[in-house]
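Residue numbers (the numbering used here), protein chains in the order written: chain A, 1 to 125; chain B, 1 to 125. Quick notes on the structure that follows.
Written out as structure tokens, the structure is:
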């Protein structure tokens, strides 16, 4: 399979890779699956925190937890094609997404995604 | 018992009734008891809502509920002597406080408290 450079594979006015319709389908499915898993995790954690509420301060801890998680999820799950390689890179780094779920994306995109995941891992180390 | 007018029973610079130390003790106890009951109610409601979380939207409903209740409680429980008759009037109106819990306050204060409770009842009707 030929692998044109990022420059060739761009809109003329933007430095963004083109996403084919089959790639869009893969991306949407992977994105939705990761989001669903993360929301499920928040639901479980919330139920757990609620059972452990013993004093008023625990209420506001739960409120704070929910606000933080909502903002973080809003920021993280940004389904713009210009952002998707970073989004998937982060999800890979956070182990919220397995690389198999991205099968069907072009190799240049997978490279960008892996590179961002590695950057985050090094940054955190 | 003599019942001086509100004007006589004021600081020279403010139109506020004076609270004796025994009245302050009664007020503190009634205030804390009502607050404790209301917070307990929020804790029970939160646990209940958490058990019923089935989808992500339920999480943000719970967050919203907690934020609203926190703000409402912050606003309502204002322990400044200049505000206390209104605070107690509201708690009486909301049936979060029984009049017996205010026993020991001077009659002029009880009158103001009852009057504010009645005002709120009429206003809501």
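Virtual Cβ for every residue (Gly too), placed ideally from N, Cα, C.
Alpha carbons only, please: which of the options is nearest the one belonging to residue i?
i, options, result
"residue 143 of chain B", "A:45, A:59, A:115, A:121", "Nothing about residue 143 of chain B can be read from this structure; chain B reaches only from 1 to 125."
"residue 68 of chain B", "A:75, A:94, A:70, A:59", "A:59"
"residue 75 of chain A", "A:91, A:61, A:50, A:19", "A:91"
"residue 41 of chain A", "A:63, A:99, A:79, A:73", "A:73"
"residue 70 of chain A", "B:120, B:56, B:123, B:35", "B:56"
"residue 32 of chain B", "B:47, B:17, B:79", "B:79"
Might you give, ordered along the chain, the residues of its own chain that have their beta carbon closer than 7 angstroms to the beta carbon of residue i, omitting 5 neighbours on each side?
i, result
"residue 102 of chain B", "26, 30, 88, 110, 113"
"residue 134 of chain B", "Residue 134 of chain B is absent from the model: chain B starts at 1 and stops at 125."
"residue 20 of chain B", "none"
Between residue i and chain A, is there a C-beta pair that is closer than 8 angstroms?
i, result
"residue 60 of chain B", "yes"
"residue 41 of chain B", "no"
"residue 70 of chain B", "yes"
"residue 29 of chain B", "no"
"residue 107 of chain B", "no"
"residue 50 of chain B", "yes"
"residue 53 of chain B", "yes"
If you measure between the beta carbons of residue i and residue j, is that distance less than 8 angstroms?
i, j, result
"residue 38 of chain A", "residue 96 of chain A", "yes"
"residue 50 of chain A", "residue 66 of chain A", "no"
"residue 35 of chain A", "residue 77 of chain A", "yes"
Looking at the C-beta of residue i, does it have a partner C-beta in chain B at a distance below 8 angstroms?
i, result
"residue 66 of chain A", "yes"
"residue 114 of chain A", "no"
"residue 76 of chain A", "no"
"residue 47 of chain A", "yes"
Below 6 angstroms CB to CB, which residues in the same chain sit around residue i once its five sequence neighbours on both sides are set aside?
i, result
"residue 86 of chain B", "116"
task = Only counting runs of 4 or more residues, tell me where the alpha helix (DSSP H) segments fall wholly within the stretch 34–102 of chain A, in order along the chain.
result = 56–76, 84–93
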